[in-house]
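Down below is the structure, laid out as structure tokens.
Numbering (the numbering used here), first residue to last: 99 to 431.
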């Protein structure tokens, strides 16, 4: 689209910027609580809120406190919570079998939210890294994360979470073919209305470090990495192929991760496919903004809201962000 305008002074671009009401009147994008998904870390215990040192202000919550948090999020108009477990070390194994336990921390957390706020959407990660001793997202054979054997475990993890009450399955493992395998399994088991939000373009990024601290997988992963299955940060066309495959396999929504360093990917995905598109403002992004705010280097309120609006401008329909509660509070006035 090309817009023609007469030359200065007939055109003065500052006219519409002069007052608050005129700026709001011509705003091209807007942010609301409806655009936010709140990632929450959960762990065993009672009345326990444990700080995540690398994410100032973020806490791991026990289930009783999760119920309180879910009610607060719902009252602020946030549509969904994304759950991530801090699994006790003695429950982790090479094959991540705790992911299949019908009484694991995630299943209990789903039930806790649905008991407290039945109308709150619950999104659950599908990947094995919180449950494995090696910290990888899939099964490992001879030092390599194997694809096809991992799919069977991911299907079992999915069905386990859905039977507990999960509304949105979000596979983050980046195994080939996992969306189709999960969708087929859901159909076969009669779970036809379960949404899949695919981590379709998930990059092997350095911005995930604080998250791994929060779920306790950093020590398990050690010096290992995930470059054999997560995407190369150098690539953009490959992201479109990944998204196309996941849509064809049955994804209802797609996600780009990380967020702000990959806004170009968000824009390309939305322009190319027009499907519901989300971004994850990941732990490293949170840590940078929160840390700079604490040190007085940035105005936290301004940069948080600006960063979230930038996702909307880039074409995102919503954002997974640890800032969800404070952003919703500001949006509610």
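The beta carbon of each residue, even a glycine, is placed where N, CA and C say it ideally should be.
Please determine, among the options, the residue with the shortest C-alpha to C-alpha distance to residue i.
i           : options            : result
residue 234 : 326, 104, 255      : 326
residue 331 : 319, 352, 362      : 362
residue 256 : 244, 245, 243, 226 : 226
residue 322 : 302, 335, 340, 183 : 302
residue 156 : 399, 430, 385      : 385
residue 300 : 310, 353, 285      : 353
residue 138 : 394, 170, 105, 427 : 170
residue 422 : 378, 397, 395, 391 : 378
residue 340 : 380, 101, 274      : 274
residue 425 : 399, 411, 408      : 399
residue 176 : 269, 284, 270, 218 : 218
residue 296 : 304, 289, 269, 306 : 269
residue 249 : 272, 105, 415      : 272
residue 168 : 231, 214, 407      : 214
residue 264 : 284, 247, 246      : 284
residue 186 : 200, 291, 230, 150 : 230
residue 174 : 220, 100, 290, 136 : 136
residue 277 : 329, 342, 313      : 342
residue 319 : 411, 431, 192, 172 : 192
residue 410 : 127, 397, 304, 305 : 127
residue 381 : 100, 420, 289, 392 : 420
residue 196 : 224, 172, 220, 106 : 224
I'd like the list of long-range same chain contacts for residue i, defined as Cβ closer than 8 Å, with 5 residues on each side in sequence excluded.
i           : result
residue 413 : 364, 365, 367, 368, 369, 375
residue 145 : 160, 162, 163
residue 124 : 114
residue 140 : 158, 159, 160, 161, 164, 181, 182, 183, 184, 203, 204, 207
residue 109 : 103
residue 120 : 113, 114
residue 389 : 154
residue 427 : 174
residue 200 : 258, 261, 262
residue 118 : none
residue 329 : 272, 299, 300, 301, 302, 336, 337, 340
Starting from residue i, follow its DSSP beta bridges and name the residues at the other end.
i           : result
residue 299 : 354
residue 137 : 180
residue 222 : 181, 267
residue 418 : 135, 378
residue 334 : In DSSP, residue 334 forms no bridge with anything.
residue 158 : 139, 148
residue 239 : 242
residue 111 : Residue 111 is not bridged to any residue.
residue 120 : DSSP lists no partner for residue 120.
residue 329 : 301
residue 293 : 266
residue 191 : 230
Looking only at its chain, what residues have a beta carbon closer than 6 Å to the beta carbon of residue i, apart from the 5 residues adjacent to it on each side?
i           : result
residue 293 : 266, 350
residue 324 : 302
residue 152 : 308, 311, 385
residue 147 : 157, 159, 163
residue 247 : 237
residue 172 : 215, 218
residue 391 : 398
Kindly give me the distance between the Cβ atoms of residue i and residue j, rounded to whole angstroms, as I take these residues to be in contact under 8 Å.
i           : j           : result
residue 222 : residue 204 : 6 Å
residue 194 : residue 260 : At roughly 18 Å, the Cβ-Cβ gap does not stay under 8 Å, so residue 194 and residue 260 are not in contact.
residue 198 : residue 254 : 5 Å
residue 403 : residue 383 : So it is not a contact: roughly 14 Å between Cβ atoms.
residue 429 : residue 131 : 5 Å
residue 344 : residue 298 : 4 Å
residue 394 : residue 134 : Contact doesn't hold; Cβ gap of about 26 Å is too wide.
residue 401 : residue 387 : 5 Å
residue 407 : residue 129 : 5 Å
residue 228 : residue 305 : The pair is not a contact, with the Cβ atoms about 18 Å apart (cut-off 8 Å).
Looking only at its own chain, which residues have a Cβ that is under 7 Å from the Cβ of residue i, when we skip the five neighbours before and after it?
i           : result
residue 206 : 161
residue 281 : 294, 347, 348
residue 287 : 257
residue 334 : 362, 363, 366
residue 149 : 157
residue 360 : 301, 354
residue 188 : none
Would the beta-carbon of residue i be found less than 7 Å away from any heavy atom of the ligand ATP?
i           : result
residue 274 : The model on display carries no ligand, and the ligand ATP is accordingly not part of it.
field: Touch test, the stretch 149-165 against the stretch 201-210, Cβ-Cβ under 8 Å, three pairs minimum
entry: yes
field: Touching by the beta-carbon criterion (3+ pairs, under 8 Å), the stretch 177-191 and the stretch 237-248
entry: no
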